[in-house]
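Chains as they are written, first to last, in our numbering: chain A, 97 to 255; chain B, 11 to 385; chain C, 776 to 927; chain D, 231 to 592; chain E, 4 to 119.
Even for Gly, the Cβ is constructed at its ideal location relative to N, Cα and C.
Please read all numbers here as calculations on a predicted model, not as lab measurements.
This is how it looks when you write it as structure tokens:
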């Protein structure tokens, strides 16, 4: 007799639990205001990334096309993947002494894991993270970038 | 129709039906291959074949300095990236006897618990999907998005943050952090009720999971099944309780234990753990002390020669980190004892005699993350 | 049991064990020949009850190959590290402990895969991560792979 | 001739007479058949494509998404684009598969659903065939579809497909009965198996209200059993994607796959139509006996709209099932039928018969 | 309109599939290679033969199904004529159902309704 009642209570509880489940999906069906989808390519204009977003490593340049990198190579040493290559050149400074400045700061985006060690360990805060995240290219060689802009020079007093 | 007539007459009892589940299979959540021997629908035995995404992280670690190791640990168990980082940092700090600021401990603990919640959310999503309830997947991911946003704002990345560093954290928390965490807790407390309504209480789900994949406590210990899967077998194996680190010694929380030992109990442990994690975060979030976000460390970190071991509770179990140092700036040997690797070893044992559908449910309830197995 | 009494107790059953320097755990170097025998004793003695093998790792000390077992008792909450070493780099082998702690089965396969240490009586000793025809044992210090390992 | 959207009988007669007047009777009949065939074909394609779109939109809304919205306004041309894509896909032949059965399977699945559709009355006078054993015919023909699935799974020479085929075999042996018996409950009340008569009998109240408790139970049983019969979630064991990758249609590509897909949706439409016709009065407007004014207002809504509305609601219910529940296991599938649905069904028929004999129904 | 139009529907259905299959086998570009013709098993070659003797767990169900399906056919005529046959037929059908129900219960108790 006990199992007889259990049979019916099983049916009752089963149907009840199913109805509760259906009420959840049903409720969401009738509340389109809760849709969370982002229409990505369309919302590009007002797509605001967080300020700390790690899109790519960039070298910070000011309005006069000047940066703070002196080519010390600490970022290159700190990078776990070898995605940074610093190529310095020796020039003669204004005071006549030989001085090391940066020729090319090469950054292999394809090898970067965005660990942030280069930015954190840069002694002169020359590096930062950019907001750009659309990195897809058809040619892998385009992922290799030169971070110091052409014609840029070092800000005085940073060395 | 010739083929049918020419079929070899075979003895049903002796013939086994081998079928590959994976590497490209929806239920293995990655590239894990299970070679299953079937008899009809019944699983006779199965052999896991792993290594499809073995990247040799242990070998790579031997070339990297300790701060550089962090970004590799992100990629072991990507769902508890914070916790893996935490393990390395704790080990280095313990070896160097560095005292980290209180603020760092608070931040790390909160981040760990957020990682645990989002890992369990994703597990819940894929668990529902493995059982055929596709809607669960979207609800889980929808709520997980809030945590990823919180992380993105503070750490700059959504998934593999590399946020911890030996001695502290990379950068201080964002001014919005506390506000957003509060908003998340408030929202998620409502949403988690939906999880219960749509899956936990469902009669089909209960029938699918109860009595399926029974793992006794002795077997759990012997196979080293830790984390929520072990606690679902009634084994009190929470490292946060047995060897408290960071703030875990000072917050109030319950170690969730269940004794049914089946898929359902492993499920319920994780559901309860989400509540406990929210509880821990609530205790900490308003009391983060002012201070520095990192202790002063030397520019080059060298561990004294010797052997070190650090255990932390990751989202799927006990993560052990064994380091042999010879005094250099790179570890001499670094071994990760990953929870999923041990949890996988029990899959054959508990799924024998079950049906294929049960195998999927059991696999999902163990919450395997394939990079965690392969490393 | 604290480390001192633990050490005394284990020296009772394994008089030839040597202690190694370790701040965290009691570390004992055991003779390889008696490993399996001692493993059973460590697990089954009621006052030791090391029932949880939480880590099994191979280490290459260049002159020697070692296997490190991290043991823990869920009942008494004490931990122990035992080590076995061998000088034989060509054909190193130890007894398996996977009949004592089942979790060792996979970990020993991994150690075999990465260090080439064979475990006698292991039920299914195959490579676990790498392919069956992989040459060499990657985690050994003398392993050279010009294709996959890139030097910066 | 005045075109009447409330009664298609005169329209049919007009076409019939018109054709007979210009050609001999045999040719007239063949022409009629050709017209019907083409109309049904178009209807089949349109409904199939629309249902695929509807399902994607419905499930998207249930999951807080927007669903397809790129092709055409609100993505309504998405399924057409998909169909063209599938049509242009290569048909891959599988080594060692049973070629004959492999190609035959999509035929069986499509033909079964297409033939069953012929018996459905869409509005007054708007049906292809009005068989006097309509219900029996629909039960018989629609269950053929599962045979197609069985063949598809078996012939593919794929282990997943084979297991899927075995599961669909289990489905045949279980849910066939419940579909039949739950419809029998209403036949007891109606006393006929002809669809047009069944609809006509619901002029003063739909059967689900007339037969109250047993009719509601029969409706629920029918809904569950027919969801299983159409291989839809939570009973989609034959194609359980998390266990068997794609089950019986793993090896099917291009248009052959599209046929299985289309047939699934048409079967869903079919069982929803049957449920709407038998339980909810088909194209019959909602009438309350005694409220003459209300009834006239209801009569202004065209029958076709009533029919589509009811069918759409039942389809929506079935979609709600699929997107809410986890999948059953195979032994639970059989347990549900044999231990729950069948005994309930048997008792329910007697209950209904007793009710009819005592005139306790409305 | 009568039963012969069923043949029409059969033909139209077959025609629909046939035309589309024909189109699809002629128009789209094809490229074959031995890998493509392999049965899909998660990217791993199949082990052993596929068409093996298979242990179906629902064999007993299939037999009970046959019994019940035949019995259902007997119920159909009664269901249609029930109103005119009246109470006497109802009692007879109750007895019929009773026998069926006993059969089902027997199978249930004997464990035939259990997956093996």
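- Query: Nearest chain D C-beta to residue 223 of chain A closer than 8 Å, yes or no?
  - Reply: no
- Would you list the one or two residues that DSSP bridges to residue 57 of chain B? B:45
- Task: For residue 109 of chain A, return the contacting residues in chain B, with the cut-off set at a CB-CB distance below 8 Å.
- Result: 213
- Please confirm if residue 568 of chain D has its CB atom under 8 Å from at least one CB of chain B. no
- Message: With a threshold of 8 Å between beta-carbons, can residue 495 of chain D be considered close to chain E, or not?
- Response: no
- Task: Keeping to the same chain, check which residues put their C-beta closer than 8 Å to that of residue 884 of chain C; ignore five residues upstream and five downstream.
- Result: 897, 899, 900, 901, 902 and 903
- Candidates B:234, B:181 and B:167: closest to residue 877 of chain C by CA position: B:234
- Item | N-terminal and C-terminal residue of the beta strand (DSSP E) that residue 201 of chain A is part of | Going by DSSP, residue 201 of chain A is part of the beta strand (DSSP E) stretching over 194-204.
- Message: Measuring straight from C-alpha to C-alpha, what distance separates residue 908 of chain C and residue 45 of chain B?
- Response: 20 Å
- Name, please, each residue of chain B whose Cβ falls closer than 7 Å to the Cβ of residue 46 of chain E. 33 and 34
- Quick one: Cα of residue 381 of chain B to Cα of residue 88 of chain B, how far? Going by the C-alpha atoms only, they are around 8 Å apart.
- Pull up the distance between the alpha-carbon of residue 163 of chain B and that of residue 120 of chain B, whole angstroms please. 15 Å
- How should residue 792 of chain C be labelled, buried or exposed, when 16 other C-beta atoms within 10 angstroms of its C-beta is the threshold for buried? With 16 or more other Cβ atoms within 10 Å, it is buried.
- Item | Contacting positions in the segment 542-574 of chain D - beta carbon closer than 9 Å to chain B | 552, 553, 554, 555, 556, 557, 558, 559, 560, 561, 562 and 565
- Item | Distance between residue 205 of chain B and residue 140 of chain B (C-alpha atoms, nearest Å) | 15 Å
- Query: Does any C-beta atom of chain B lie closer than 8 Å to the C-beta of residue 325 of chain D?
  - Reply: no
- Along chain A, which residues have their Cβ under 7 Å away from the Cβ of residue 294 of chain D? 124, 130, 131 and 132
- Item | Proximal chain D residues relative to residue 98 of chain E, where beta-carbon distance stays under 8 Å | Within chain D, not a single residue places a beta-carbon under 8 Å from that of residue 98 of chain E; the smallest gap is close to 11 Å.
- Task: Select from D:293, D:294, D:312 and D:295 the residue whose C-alpha is nearest the C-alpha of residue 302 of chain D.
- Result: D:312
- Can you list the residues of chain E that residue 469 of chain D reaches, using a CB-CB cut of under 7 Å? Chain order gives no chain E residues near residue 469 of chain D, where near means a beta carbon separation below 7 Å; the closest approach is about 14 Å.
- Where DSSP assigns a beta bridge to residue 835 of chain C, which residues make up the other side? C:840
- Message: Among B:128, B:143 and B:166, whose alpha-carbon lies nearest the alpha-carbon of residue 194 of chain B?
- Response: Considering only alpha carbons, the answer is B:128.
- Task: For the segment 387-447 of chain D, list the alpha helix (DSSP H) runs that are entirely contained and at least 4 residues long, ordered along the chain.
- Result: 389-420, 425-430 and 437-440
- For residue 795 of chain C, which residues does DSSP report across the bridge? C:802
- Message: Within 10 Å of its beta-carbon, does residue 186 of chain A have 16 or more other beta-carbons around it, so buried, or fewer, so exposed?
- Response: exposed
- Task: Indicate whether the contact test is met: 3 or more Cβ pairs, each with one atom in the segment 165-185 of chain A and one in the segment 196-212 of chain A, closer than 8 Å.
- Result: yes
- Query: In chain order, which alpha helix (DSSP H) runs of at least 4 residues are fully inside the segment 459-496 of chain D?
  - Reply: Taking only runs of at least 4 residues, the alpha helix (DSSP H) segments lying wholly in the segment 459-496 of chain D are 471-474.
- Message: Since residue 276 of chain B and residue 239 of chain B should fall inside the 8 Å C-beta cutoff, what is the C-beta to C-beta distance between them, to a whole number of angstroms?
- Response: 5 Å
- Cβ of residue 391 of chain D within 8 Å of Cβ of residue 460 of chain D? no
- Message: To the nearest angstrom, how far is the alpha carbon of residue 567 of chain D from that of residue 124 of chain A?
- Response: Their backbone Cα atoms lie some 31 Å apart in a straight line.
- Where the beta strand (DSSP E) through residue 27 of chain B begins and ends: 27-31
- Item | contact_flag[the segment 250-265 of chain B, the segment 154-169 of chain B] where n(CB pairs < 8 Å) is 3 or more | no
- Message: Mapping the DSSP letters down to three states, classify residue 240 of chain A as helix, strand or coil.
- Response: strand
- Query: So residue 340 of chain D packs on residue 19 of chain E, CB below 8 Å; how close in whole Å?
  - Reply: 7 Å
- Item | Burial state of residue 248 of chain D (16 or more Cβ within 10 Å) | exposed
- Item | Inter-residue spacing [alpha-carbon to alpha-carbon] between residue 366 of chain B and residue 33 of chain E | A direct Cα-Cα distance of roughly 36 Å separates residue 366 of chain B from residue 33 of chain E.
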